Amino acid sequence: MNILLCPDSFKDALSAQEAAAAMARGVQSAVPDAHVQTCPLADGGEGSLDALIAATGAERRQLEVQDALGRKRQAAWGWLGEQRTAFIELAEASGLQHLSASERTALHTSTFGVGELLCAALDQGAEKALLLLGGSATNDGGAGMLQALGARLLDQNGKPLPPGGAALSQLASLNVDELDPRLSGLTLEAAVDVDNPLLGERGASAVFGPQKGASPQEVEQLDQALSHFADISAQVLGQDHRELPGAGAAGGMGFAARAFFNATLKPGIEMIMQQADMSARLARADLVITGEGRLDGQSLAGKTPIGVSRAAQRLNKPVIVLAGSLGDGWQACLDEGVTAAFALADGPMTLEEALPRTAELLEARCESLVRLWMAPAP
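Every number in my numbering is 35 more than the matching position in the sequence shown, counting from 1.
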């Protein structure tokens with residue numbers, strides 16, 4: 036019996052690695068001689084770097100960079116030497132989780148630290164980089180990243196723009212001639228888990244700005260600043276990518292990655308499963324168990340359990356999803372390769388009561404499910 040365990044993290048409770056370990060304990064309690072594969076996954080958001088390192092054996096490296104407010108912090112990145120490939124998680128440098136609620140200011144936060152990570156990868160000799168765009172505190176259209184890599188964004192007085200998306204309204208000239216020349220030899224893939232364009236009602240500022248501290252007035256200010264940045268970028272580059280699905284990811288980082296680096300934008304779960312060689316793992320599995328904190332109709336947009344179930348469906352493999360909760364519309368997931376889905380709670384409980392028990396509940400559910408799966412037919 037070959038069982039593949041490939042969960043995402045359970046937010047505020049367990050990392051994907053911890054979830055996989057809890058699942059494995061449950062499986063082995065039920066069937067001690069089962070062959071268990073664990074492959075922690077993520078969909079491009081926070082935790083994706085850990086998932087990639089665990090799946091590929093990449094080397095974890097540290098670099099002192101600027102955080103979203105320009106303060107120094109240690110950021111991790113991954114290096115897969117044999118493939119000359121770097122794994123860079125935006126949230127390590129410019130993540131929302133590093134800012135307190137009072138520090139979240141979408142007008143002024145910057146992606147400069149992401150550019151510093153890319154520069155370190157180039158220094159190492161990277162020929163390919165996977166840029167993971169979830170969890171950003173920024174709304175600067177990637178301007179900070181571009182500045183860190185040598186681009187010059189100047190105001191009408193010829194002075195460099197200060198950090199942040201609001202400053203883009205003062206952009207008078209954009210010079211990319213001094214961008215790091217090594218970027219021309221870098222193949223860049225950017226993981227996005229949204230299809231939002233850069234601007235407008237579904238754009239970066241309107242949809243994601245409020246969670247980064249932007250008021251309604253600031254959302255409008257940021258949207259206009261990004262529009263101005265897109266106008267000048269189109270003049271300089273000769274192409275306009277503001278309507279590209281995913282351009283609005285991470286405060287416009289999807290736009291910058293495609294417009295300036297010709298990056299390929301793809302769903303994060305697909306990128307991570309490819310690196311983890313999930314096709315081969317699935318082919319060996321008799322049963323697949325995945326999960327994350329919540330399964331609902333929105334999961335169809337590219338969350339980990341659906342990415343796994345779609346891939347497993349192509350190989351006729353059964354998939355069970357374990358979720359902290361099943362939300363509205365979760366039944367639609369049954370049409371995407373999910374065989375069955377279960378919530379973890381074993382009785383009435385609040386979220387506050389459930390979170391510290393997540394590992395215990397995951398272990399118990401996996402044990403019960405595998406015992407049922409292995410039970411002889413009547």
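Heads up, the beta-carbon is just placed ideally off N, CA and C, and yes, glycines get one too. Bear in mind the structure is a predicted one, so any value in this text is a computation, not a measurement.
Closest by C-alpha distance to residue 128, when choosing among 100, 367, 278, 181 | 100
Identify whether residue 113 lies in helix, strand or coil by the three-state DSSP scheme.
-> strand
Can you tell which of 324, 294, 50, 405 has the C-alpha that lies nearest to the C-alpha of residue 219?
-> 294
Span of the beta strand (DSSP E) holding residue 328?
-> 322-330
Kindly indicate the opening and closing residues of the alpha helix (DSSP H) around residue 229.
-> No alpha helix (DSSP H) contains residue 229, which DSSP labels as neither H nor E.
With a CB to CB cut of under 8 Å and the five nearest residues on each side skipped, what residues in its chain are close to residue 214?
-> 181, 184, 185, 186, 295
Beta-carbon spacing of residue 41, residue 325 below 8 Å | yes
Of the listed residues 255, 226, 274, 94, nearest to residue 307 (C-alpha basis) = 226
Grab the span of the alpha helix (DSSP H) containing residue 251 for me, first residue to last.
-> 251-272
Under 8 Å between the Cβ atoms of residue 393 and residue 77?
-> no
How long is the line joining the alpha carbons of residue 52 and residue 44, rounded to whole angstroms?
-> 8 Å
Under 8 Å Cβ to Cβ from residue 50, same chain only, skipping five residues before and after it: list those, please.
-> 44, 75, 82, 85
Among residues of its own chain, excluding the 5 on either side of residue 291, which ones have a beta-carbon nearer than 7 Å to its beta-carbon?
-> 176, 177, 180, 181
What's the gap between the Cα of residue 233 and the Cα of residue 312?
-> 32 Å
Answer with buried or exposed for residue 400, where buried requires no fewer than 16 other C-beta atoms within 10 angstroms of its C-beta.
-> buried
Going by DSSP, what residues sit across from residue 101 in a beta bridge?
-> 107
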